[in-house]
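To start, the structure itself, in structure tokens.
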Amino acid sequence: MAGRKINQGLKTALELGPIIGFFVAYLWLKDETFVMGGTEYDGFIVVTAGFIPVFLLSMAILWKLTGHLSKMQMITAVLIIVFGGMSVWFNDPRFFKMKPTIIYLLFGGLLGIGLLRGQSWLEYVMEGVMPLTHRGWMLLTKRLMLFFFGLAILNEVIWRTMTEETWVYFKTFGLTAAIFLFFIFQGGLFKEHGTQGESDDKA
41 MAGRKINQGL KTALELGPII GFFVAYLWLK DETFVMGGTE YDGFIVVTAG FIPVFLLSMA
101 ILWKLTGHLS KMQMITAVLI IVFGGMSVWF NDPRFFKMKP TIIYLLFGGL LGIGLLRGQS
161 WLEYVMEGVM PLTHRGWMLL TKRLMLFFFG LAILNEVIWR TMTEETWVYF KTFGLTAAIF
221 LFFIFQGGLF KEHGTQGESD DKA
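Going by my numbering, the letters in the sequence shown line up with residues 41 to 243, in that order.
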């Protein structure tokens, strides 16, 4: 059942749809205030409250269709529940804004632990996606670890020093674009250390 293939467009829609929905809903409700149970909630908190079940529903559909969720997706889901839930419960948007920082510190830290053990845990997560030699995986893992730490710092700087709307744009488009560009700039590594079907032992 694990690893069933589905239409790539549908897969992308399920993965990115909730994020785009959050962005659109935020632009629509950012200046609104809602009173529930005698407590005032601004638009950001209300949108965050709606984002959590929408994201979980999209992940549930993805799991139902493919029989598989990556470890990163499962960790992200847990952190969204925890930090998104804390933002709603305490009526404080800072918890949700800190979520990307925690995610990237966690991913970077896990990759770092693997490197200290002489292993590329990234290879285990992305096995079959990219054919690389062991050295290639180690180099890519080191670069991605540093990249994740950099994103964590950048997220902290932006949400703490800039407007909420700027952070939402950064979260929706900036982080996605940064990850895309990171892998684009790894073209030289993929070319030099790609096995292209050859055994990793021969590389």
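All C-beta atoms in this analysis are idealised placements derived from N, C-alpha and C, irrespective of residue type, glycine included.
Check: Using CA atoms only, rank isn't needed, just tell me which of D132, F188, A100 and W129 is closest to A117.; Outcome: A100
Check: Would you kindly report the start and end of the unbroken beta strand (DSSP E) that includes M76?; Outcome: T73 to M76
Check: Which class does N47 belong to by DSSP, given the choice of helix, strand or coil?; Outcome: coil
Check: Exposed or buried, K104, counting other C-beta atoms within 10 Å across all chains shown (16 or more means buried)?; Outcome: exposed
Check: For the beta strand (DSSP E) that T79 lies in, which residues bound it at each end?; Outcome: T79 to D82
Check: With a threshold of 8 Å, are at least 3 pairs of Cβ atoms found where one atom belongs to the stretch 84–94 and the other to the stretch 143–157?; Outcome: no
Check: Closest to R175 by CA distance: which of F135, N195 and T235 is it?; Outcome: T235
Check: When burial is assigned at 16 or more other CB atoms within 10 Å of the CB, is A42 buried or exposed?; Outcome: Note that A42 scores a pLDDT of 47, beneath 50, so its modelled location is shaky and nothing firm can be said.
Check: Taking Cβ to Cβ, would you say I198 is nearer than 8 Å to F210?; Outcome: yes
Check: Going straight from the alpha carbon of N195 to that of P171, what length do you get?; Outcome: 31 Å
Check: Please classify D241 as buried or exposed, where buried requires at least 16 other C-beta atoms within 10 Å of its C-beta.; Outcome: Caution applies to D241, whose pLDDT of 44 falls short of 50 and renders its modelled position unreliable; the value that the coordinates give is listed next. The residue is exposed, with fewer than 16 neighbouring Cβ atoms inside 10 Å.
Check: As a quick exercise: from Y66, V75 and L102, pick the residue whose alpha carbon is nearest that of G49.; Outcome: L102
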